[in-house]
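Below is one structure; the comments refer to it alone.
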Amino acid sequence: MKPRFPGYDVLQQAGSWDLVTAGVVLARLAPPPPLRFFTVDEERVARPLLDRLLAQDGPPEDESRIPVLEHIDARLAEGETDGWHHDDLPEDGEAWRRSLAALDEDARAVEGQHFWELKRRAQNRLLENVRTAKTWHELPASRVWNLWMRYACTGFYSHPSAWNEMGFGGPAYPRGYKALGLDRREPWEVREVDAEDPEPWARRVEAARQRQDSDHAAR
Amino acid sequence: MLPNDGSRTNHALRASMRRFDDEEELDLVVVGCGAGGAVLTQRLARKGWKVAALEAGPFWEPDRDWVSDEAGSHPLYWTEPRVIGGGDPVPLGSNNSGRGVGGSTVHFAGYTPRLHPSDFQTYTADGVGADWPITYQELRPYYEALEAELPVAGQHWPWGDPHGYPHSPHPVSGLGMIFQRGCQRLGIDVRVGPVAITNGRFGNRPHCIYRGFCLQGCKVNAKASTLITHVPDALAHGAEIRSGSMVRSIEIDDRGRASGVVYFRDGVERRQRARAVAVAGYAIETPRLLLNSACRQFPDGVGNDHDLVGRYVMVQGAAQTAGRFPEEVRMYKAPPPEVSTEAFYETDPRADYRRGYSVQCIGPLPITWAEHVVAEGHWGHVLREYLCDYVHWATLGVLCEFLPLPGNRVTLDEERDRHGIPVARFDYTQCDNDRALMRAGSQKMAEILDAAGAQDTVTIARYAHLVGGARMGAGPETGVVDRNLRSFAVPNLYVTDGSVLPTQGAANPALTIMALAARCADHLAGGAASA
Numbered sequence: 001m002k003p004r005f006p007g008y009d010v011l012q013q014a015g016s017w018d019l020v021t022a023g024v025v026l027a028r029l030a031p032p033p034p035l036r037f038f039t040v041d042e043e044r045v046a047r048p049l050l051d052r053l054l055a056q057d058g059p060p061e062d063e064s065r066i067p068v069l070e071h072i073d074a075r076l077a078e079g080e081t082d083g084w085h086h087d088d089l090p091e092d093g094e095a096w097r098r099s100l101a102a103l104d105e106d107a108r109a110v111e112g113q114h115f116w117e118l119k120r121r122a123q124n125r126l127l128e129n130v131r132t133a134k135t136w137h138e139l140p141a142s143r144v145w146n147l148w149m150r151y152a153c154t155g156f157y158s159h160p161s162a163w164n165e166m167g168f169g170g171p172a173y174p175r176g177y178k179a180l181g182l183d184r185r186e187p188w189e190v191r192e193v194d195a196e197d198p199e200p201w202a203r204r205v206e207a208a209r210q211r212q213d214s215d216h217a218a219r
Numbered sequence: 001m002l003p004n005d006g007s008r009t010n011h012a013l014r015a016s017m018r019r020f021d022d023e024e025e026l027d028l029v030v031v032g033c034g035a036g037g038a039v040l041t042q043r044l045a046r047k048g049w050k051v052a053a054l055e056a057g058p059f060w061e062p063d064r065d066w067v068s069d070e071a072g073s074h075p076l077y078w079t080e081p082r083v084i085g086g087g088d089p090v091p092l093g094s095n096n097s098g099r100g101v102g103g104s105t106v107h108f109a110g111y112t113p114r115l116h117p118s119d120f121q122t123y124t125a126d127g128v129g130a131d132w133p134i135t136y137q138e139l140r141p142y143y144e145a146l147e148a149e150l151p152v153a154g155q156h157w158p159w160g161d162p163h164g165y166p167h168s169p170h171p172v173s174g175l176g177m178i179f180q181r182g183c184q185r186l187g188i189d190v191r192v193g194p195v196a197i198t199n200g201r202f203g204n205r206p207h208c209i210y211r212g213f214c215l216q217g218c219k220v221n222a223k224a225s226t227l228i229t230h231v232p233d234a235l236a237h238g239a240e241i242r243s244g245s246m247v248r249s250i251e252i253d254d255r256g257r258a259s260g261v262v263y264f265r266d267g268v269e270r271r272q273r274a275r276a277v278a279v280a281g282y283a284i285e286t287p288r289l290l291l292n293s294a295c296r297q298f299p300d301g302v303g304n305d306h307d308l309v310g311r312y313v314m315v316q317g318a319a320q321t322a323g324r325f326p327e328e329v330r331m332y333k334a335p336p337p338e339v340s341t342e343a344f345y346e347t348d349p350r351a352d353y354r355r356g357y358s359v360q361c362i363g364p365l366p367i368t369w370a371e372h373v374v375a376e377g378h379w380g381h382v383l384r385e386y387l388c389d390y391v392h393w394a395t396l397g398v399l400c401e402f403l404p405l406p407g408n409r410v411t412l413d414e415e416r417d418r419h420g421i422p423v424a425r426f427d428y429t430q431c432d433n434d435r436a437l438m439r440a441g442s443q444k445m446a447e448i449l450d451a452a453g454a455q456d457t458v459t460i461a462r463y464a465h466l467v468g469g470a471r472m473g474a475g476p477e478t479g480v481v482d483r484n485l486r487s488f489a490v491p492n493l494y495v496t497d498g499s500v501l502p503t504q505g506a507a508n509p510a511l512t513i514m515a516l517a518a519r520c521a522d523h524l525a526g527g528a529a530s531a
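Protein sequence lines, in the order shown, are assigned to chains A and B.
Our numbering puts the first residue of the first sequence at 1, with every later residue one more than the last.
Our numbering puts the first residue of the second sequence at 1, with every later residue one more than the last.
The following block contains the structure:
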C-alpha cells in the first residue's frame, strides 16, 4: 500500500496536547505488558486472526506493527466491555474464547492443520466463511464477526501509527483547529498525495480487493 | 459558576457542597444526574428545597478525567452489563448511554432542536404513535428558558414552531459545506445549528476551538453539559450531588408513598430518606429501577400495575451515509453537529410511511469511521484502503422517528451486576413503518451527497438515542406518569427523564428532556409533592 501522507507524523504534535491526553496516547507506544487474559492456545489463533482482519502482513518483528492483540487482552482482562452483549452470545470474554477455539477447529477440520500453521490464503478463506455464514459453531456468525471487528478496529485505530496512515490530525486540545473548509489544512497537516486523483478511488479499492484475494506468501 | 482562572472546575464550590445525612428527610431525592436529573435538582435547590441527586458514576473533573481521544473516553459510558435481544437488537454503551455527573449530556453531540407542535398529537393527526397529555405550547416557555441557559447557537429556525436562537451560528467546516452544497442543488432548505455550544465567550466558558471531540466530553467547556451548566448552579443553591451512589430500589411505606431510596456507596448499602423521589436514570435504568423496586404493594414493580413499565422504549433510526469527494474534507474538524434540515420531519401524504426524519452532519472519528467500513463487509486490505482515504469522506446522519411499540421493552434479566442487582434486558424490533422511514432517509442522504458531487457512498444502519419506558399518559391505563411526570400509582414519585416521552419526533431528545424536567420542577414547587 502506497503511503498517502508521506512524512506525516502526528506524534510531532504531541507537545501541543494536554498532558492527560498525551499520557493516554503515548502509553500505547510503550512495550505492552504480558498477556493476562488469553491462554497460549488462544494467543496463537488470535494473532494470525487479527493480522488477517487488519492486513498486518509484515513479519512479527516489524516495529511498525500495531499491538492489537495486547490491547484486546488488556480490555478483556479488565472487563472493559462495551456495556452490552447479545442474548444469543455469551459475554465478550467468553465469546472470544469460544470463537477462537471454533476457528481452530475449522482449520483442523477443513485443512488438517492448526489455524496458525496455515498459509494466509487458507486463513482468509476460513475467515470469509465466518463473515458470510449464518450460524457458525452454534453461534450467530455475524455477531461473532462484529465482535472481532469491533475490538480489532478499536485497538488498531486508536494507535498513532494508524492515524499517520490516514492523515488524521489527532488530539487537538488546547490548540484546536483553525483551517475549516474544503481542501484546507493546518500548517502541520500533510496534503494527501493523490488529492488530485491520478489514481481514481475506484481503481484503488479494486487493487486492495486483489491484494486481499491473492496470497503473496503462498506463491 | 465556573472559575475564571482557565481551569475547568470550580473546586471551591464542590468542596463547600452541602452534605446531607442519610437519616435526614430530604424534600426530594433525585436518582441520576444527567439532562433531566440535574435540571430538576437545580430548579428545586433554587426554590430552597433540601435536595440531593444520587449519581452512580463519578463527579467528573474535565481537566483531569477527559481526553481528546476516542478509545480513552470509554469511562464516559454506561458499560455495566446489559443484555440485548429482539429482532433488531440495539447496541447500548457508547452510542446512547452516560455514566457520571452530567450523564449523557457530557458526550452528546450538542444538537438541541425542539420537538415540533405536531409531535404532541401523532395519533390524532397521523394515526400512529400516541398523543401527549400536554401540548407544545405548554412546553414552549421551558424550551425558550433552556435555550438561553445552555445557551444554543444557530440560525433562525423555520421548521415546527419557527424561532430564533440566543447565539449566532458557528462557522461551517468542509463537512457542513458539502451538506449545504448538496441541499442547495436539490432545493432543500438547510440551517446551521442548533447546537448547545457557545459562540464566543460565555461567562467564563471559552469559545469553541473546533477540535471535533464533542462526543468524548468537551474539555474546552464550550459545549454545554449539565455538569458545567445546571450542576454548579445547583451546588451554589445548596443542593448535594452524591456521586458513586448506585440506587438499588425505591422504598414504599405502608401508606403506599415513596419514603426514600436504598443505594450502594463504596459497596455499603445505605438508605436516604426523602419526602419525594424523582427517578431520572434514562430509558434503560429508570424502568430497571422501577421493576427492581417490587415490594408488597407493587409485586410487579413500582407503578407497574398496568404492565406499562419498561414498554414503548424507542430508538431513532439513525442510518449514516458517507460520500467520497475529490477534495479533502477532513470531517474531524469543527463540532460534529453543525448543519441540519428538518424539511422531512412531518408526514408526507405521498409517502408510504407516517411521520418523518431529520438530516444532520456527523463527523465520525477514526474508530467510528472504521465501523462504517466494516458494516459494508470490508476487512483486511480493503478496510485499510478505505480508512486511509478518511480525509476525503463526508458523513451525514438521519434521525428517523421510529414508533412506540409495546413489545419494545426493558425487562429484568437473570444476570446480576456486581451489586447483585438484576441487569436490564432490552428487546427491540422494528415495525414496517420504521423500515420504510429508514429506507427513505438513507436514500435522501445519498441523493444529497450525490448532488454535492460524491464519487462513492456507503450507508450504515444504526440507532441513536433512547426514550420511553415510563411514558406519560392521560390515565393509568395509558401511562406510567401523568402530564406533570407524577406516577399514577405513587403520589410522591416522579420520573423526570427521557423515559417519559410518549413519542420522540425526529429531534435529538436532550433539550426536550431538560424542558420537561424544568416544567416538573415548577409543578413541584407549586406544592404538589405534599399533596
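Using N, Cα and C, we set each Cβ at its ideal position, and we do this for glycine too.
These numbers come from a predicted model, not from an experiment.
Residue j beta carbon less than 7 Å from that of residue i
i: G527 (chain B); j: V339 (chain B); result: no
i: L290 (chain B); j: G301 (chain B); result: yes
i: D183 (chain A); j: E385 (chain B); result: no
i: G34 (chain B); j: G110 (chain B); result: no
i: L387 (chain B); j: E70 (chain B); result: no
i: N292 (chain B); j: S259 (chain B); result: no
i: G545 (chain B); j: A394 (chain B); result: With chain B represented from 1 up to 531, any question about residue 545 (chain B) goes unanswered, as that position is not in the structure.
i: D73 (chain A); j: F38 (chain A); result: yes
i: T227 (chain B); j: H107 (chain B); result: The displayed chain sequence assigns Leu, not Thr, to residue 227 (chain B). The answer is no: Cβ separation not under 7 Å.
i: Y494 (chain B); j: P404 (chain B); result: no
When the options are compared against residue i, the one with the closest alpha-carbon
i: P6 (chain A); options: A:A208, A:V190, A:R203; result: A:V190
i: I197 (chain B); options: B:D189, B:A236, B:R211; result: B:R211
i: E342 (chain B); options: B:V190, B:G363, B:S168; result: B:V190
i: V20 (chain A); options: B:D65, B:A436, B:Y136; result: B:D65
i: R354 (chain B); options: B:N433, B:L412, B:P364; result: B:N433
i: R286 (chain B); options: B:A56, B:W49, B:F120; result: Just to set this straight, residue 286 (chain B) is Thr in the shown sequence, not Arg. Of the listed residues, the one whose Cα sits closest to T286 (chain B) is B:A56.
i: H523 (chain B); options: B:Q504, B:Y142, B:T124, B:P335; result: B:Y142
i: C361 (chain B); options: B:I178, B:T122, B:T105, B:P166; result: B:I178
i: E240 (chain B); options: B:T41, B:A464, B:T503; result: B:T41
i: W96 (chain A); options: A:L50, A:E117, A:E199; result: A:L50
i: R185 (chain B); options: B:I448, B:P166, B:E80; result: B:I448
i: A525 (chain B); options: B:R296, B:K50, B:R18, B:D5; result: B:K50
i: R205 (chain B); options: B:L150, B:Y165, B:P166; result: B:L150
i: D231 (chain A); options: A:R121, A:L89, A:D87, A:L127; result: Any answer about residue 231 (chain A) is impossible in this case: the structure gives chain A only from 1 up to 219.
i: F120 (chain B); options: B:A507, B:A464, B:F20; result: B:A507
i: F115 (chain A); options: A:R121, A:L103, A:R125; result: A:L103
i: E346 (chain B); options: B:Q320, B:L115, B:G187, B:P62; result: B:L115
i: E376 (chain B); options: B:R330, B:A446, B:T457, B:P81; result: B:T457
For residue i, the residue or residues it bridges with in DSSP
i: I460 (chain B); result: B:Q320
i: E70 (chain B); result: Paired residue(s): none; E70 (chain B) is not in a bridge.
i: R205 (chain B); result: B:F202
i: M472 (chain B); result: B:V481
i: P258 (chain B); result: The sequence given here has Ala at residue 258 (chain B), not Pro. According to DSSP, A258 (chain B) bridges with B:I252.
i: D427 (chain B); result: B:G85, B:R409
i: C361 (chain B); result: B:L396
Residue i versus residue j: straight-line alpha-carbon distance, rounded
i: A45 (chain B); j: C183 (chain B); result: 46 Å
i: H163 (chain B); j: F488 (chain B); result: 34 Å
i: V29 (chain B); j: R273 (chain B); result: 8 Å
i: W78 (chain B); j: G98 (chain B); result: 5 Å
i: G317 (chain B); j: R44 (chain A); result: 40 Å
i: V68 (chain A); j: P60 (chain A); result: 12 Å
i: R255 (chain B); j: P491 (chain B); result: 11 Å
i: V130 (chain A); j: D197 (chain A); result: 35 Å
i: E42 (chain A); j: E415 (chain B); result: 26 Å
i: H230 (chain B); j: P58 (chain B); result: 16 Å
i: A531 (chain B); j: L146 (chain B); result: Low confidence applies to A531 (chain B): its pLDDT is 45, below 50, so where it sits in the model is not reliable enough to give any reading.
i: T122 (chain B); j: Q443 (chain B); result: 24 Å
i: R18 (chain B); j: W60 (chain B); result: 18 Å
i: A217 (chain A); j: I66 (chain A); result: Confidence in A217 (chain A) is poor, its pLDDT being 46 and thus under 50, which makes the residue's placement too unreliable to answer from.
Integer-rounded CB distance, given that residue j should sit under 8 Å from residue i
i: P117 (chain B); j: D161 (chain B); result: 6 Å
i: V382 (chain B); j: A208 (chain A); result: 5 Å
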